[in-house]
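Protein chains in written order, with our numbering: chain D, 1 to 273; chain E, 1001 to 1384. Ideal Cβ positions, reconstructed from N, Cα and C, are used throughout, including at glycine. Working notes for the structure below.
Written out as structure tokens, the structure reads:
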């Protein structure tokens, strides 16, 4: 546990001050809490079901990521992560906020965990950059609202996009409570010319929505996501469904938070504080 | 009957060509949008729906409001609406057509629009919106055309049309309910996440649609020999008044829930619209204009002496139409995106081509309405 007891009590205390706890704008998961929670999430809530049976009925793989926020303090780290992702996926940079397309980026604690900021907050947290990306929710609203199944949840928990089926209605952007989705307001290929380009990942056409795909093109090859590869000490990627996985071991000993848990989306991205 | 639309005075043709020229400009802007992308609009990552979806939402209400004539006429045999109901149905046809066009111009890949049918997704509200809107268009074409045809021949409406008339009543309610569900079921959009959204949509629709209809009927009265009748118009005016009062009441409920609970997320949307949030207040003058016009409209419609004067009635209907238009056609959609999921404020300003495309679609609606009304008025003048 890299956080000392005093620090944990301090943060936990502030959380209860803003009325957070389990139902606030962020959720502070005490070490090991998830072991009990996943049991609840994947089971049928029926006492008659044995634990072994419930484990078998749930998914075998649910990809998840942990972000060690305190290791993001160096702006170079954030830059390295963002560049790795955006280069690997040919994410266009239009240079203006109106046309902006982004898969992973850093924002303040206040913006990442809306409603939970307060004036008495630990100043060191306030100034830390929080890496934001698609949460690959277990119950994703974007998938629910899509009229063509162009965005869908894979059996391994990744919320994926079919850029060829998307009609560009942007219902998923209205539905996503995390602002994780971008739309190609213009032809992205025009600004990709002359920039570092990955020929192994498709570019998009204008008029479709895109977002982080948890590097499905890499994980099926047994590789880590590009962002994790760029900063393995900051980001950890692993199988949430496996009790012995790297992420589960981390979550067992570190205090973690998820964004907007009160919405019931069950994000797969955990912030270690 | 269609030949009646081809015979008209010079001013009829001047109006037709005026509309066609605006449609031409709008179409030119749409071609530009097709080649460049939706980046020609003022929409952004944060405000990802704009004026197109706002018009769509408003016009679904106008379309649904035909039911305010159909119910009294066919369920209560209120005969004073007998000659007027067709104008409500034709208004619905024009409005639904505009709705569908606003969806088409809003989507990023219009060539793929049939994916909604090829990959039907009953879990998506947009899928159901497509179903109910197209169904409503079809029902109104069937009902409107056949009742007018029967009128022309001076025979009763054929029996097989009746089930479609009755079906149009719940169907009208469904189109606006489903449209409200597009918004009301999204987690994290506080302004929209309200159970009274569908009821309020219906209330404002039953005010705005008939208000537009009265304005149109007063125009028809001025430009043709057809008079909808004093009683019919007065009854319709009372409908508008009650609906608008319910609409304002429901809006005040939103204010109470947000401001008494003190929950910041619930307050922020309303605060941005009516008072400005973190110094961002581009919609504040619009929302207060809407509020003042709404109250003025209710007052003029509530007092019988004022309501009975056609000039003041026109002012009242204009006020109600504008008030509901700003409320639903501007504030609701844009306000739902402010603040964004990061509690930041991105303001939205429609661009010139975006507005021209919007105006072009309104002109297509006006053209359809003009032609349908021309036919209806000609038939009424003949049979009068």
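Not one beta carbon of chain E lies nearer than 8 Å to the beta carbon of residue 84/D. Within the region 170-182 of chain D, those residues whose Cβ lies closer than 9 Å to any Cβ of chain E are, in chain order, 170, 171, 173, 174, 175, 176, 177, 178, 179, 180, 181, 182. Counting along the chain, the unbroken alpha helix (DSSP H) around residue 1270/E starts and ends at 1264-1274. Put simply, the backbone Cα of residue 217/D is about 46 Å away from that of residue 1023/E. A distance of 8 Å or more separates the beta carbons of residue 1208/E and residue 1292/E. Using a Cβ distance threshold of 8 Å, residue 1233/E and residue 1217/E count as a contacting pair.
Around the beta carbon of residue 1308/E, fewer than 16 other beta carbons lie within 10 angstroms, which makes this residue exposed.
Assigned with DSSP and collapsed to three states, residue 1138/E falls in helix. For residue 162/D, there is no enclosing beta strand (DSSP E), as DSSP marks it with neither H nor E. Across the set 60/D, 81/D, 263/D, the C-alpha of 60/D shows the shortest separation from the C-alpha of residue 158/D. Assignment of residue 214/D by DSSP, reduced to helix, strand and coil, places it in the coil class. With the rule of 3 Cβ pairs closer than 8 Å, the region 1339-1346 of chain E does not count as touching the region 1074-1082 of chain E. Around the C-beta of residue 1049/E, 16 or more other C-beta atoms lie within 10 Å, and the residue is accordingly described as buried.
In this chain, the alpha helix (DSSP H) harbouring residue 1204/E covers 1197-1223. DSSP places residue 1015/E in the helix class (H, G or I) of the three-state scheme. The beta carbon of residue 1107/E sits closer than 8 Å to some beta carbon of chain D.
Residue 1258/E and residue 1252/E have their C-alpha atoms spaced approximately 10 Å apart. Burial check for residue 1155/E: the Cβ neighbour count within 10 Å stays below 16, so the residue is exposed. Using a Cβ-Cβ cut-off of 7 Å, residue 147/D is close to 1116, 1121, 1124, 1126, 1127 of chain E, given in chain order. Contact annotation, residue 1221/E with residue 1211/E: C-beta distance approximately 16 Å; criterion of less than 8 Å not satisfied. By a beta-carbon distance limit of 8 Å, residue 1132/E contacts residue 1171/E. Their separation comes to about 7 Å.
Annotation: Cβ neighbours of residue 114/D in chain E (cutoff 8 Å, chain order): 1265, 1341, 1342, 1343. Residue-level contact by beta carbon holds for residue 1189/E and chain D, with a gap shorter than 8 Å.
Rounded to whole angstroms, the Cβ separation of residue 104/D and residue 69/D is 14 Å, and the two are not in contact under 8 Å. In terms of Cα proximity to residue 185/D, the closest of 123/D, 80/D, 94/D is 94/D. Remark: C-beta atoms of residue 1098/E and residue 1138/E do not approach each other more closely than 8 Å.
With fewer than 16 other Cβ atoms inside 10 Å of its own Cβ, residue 1256/E counts as exposed. Proximity of chain D to residue 1036/E at the Cβ level (cut-off 7 Å) is accounted for by 186, in chain order. Nearest C-alpha to residue 1206/E among 1230/E, 1303/E, 1245/E: 1245/E. Taking a 10 Å sphere around the C-beta of residue 1054/E, we find 16 or more other C-beta atoms and assign the residue as buried.
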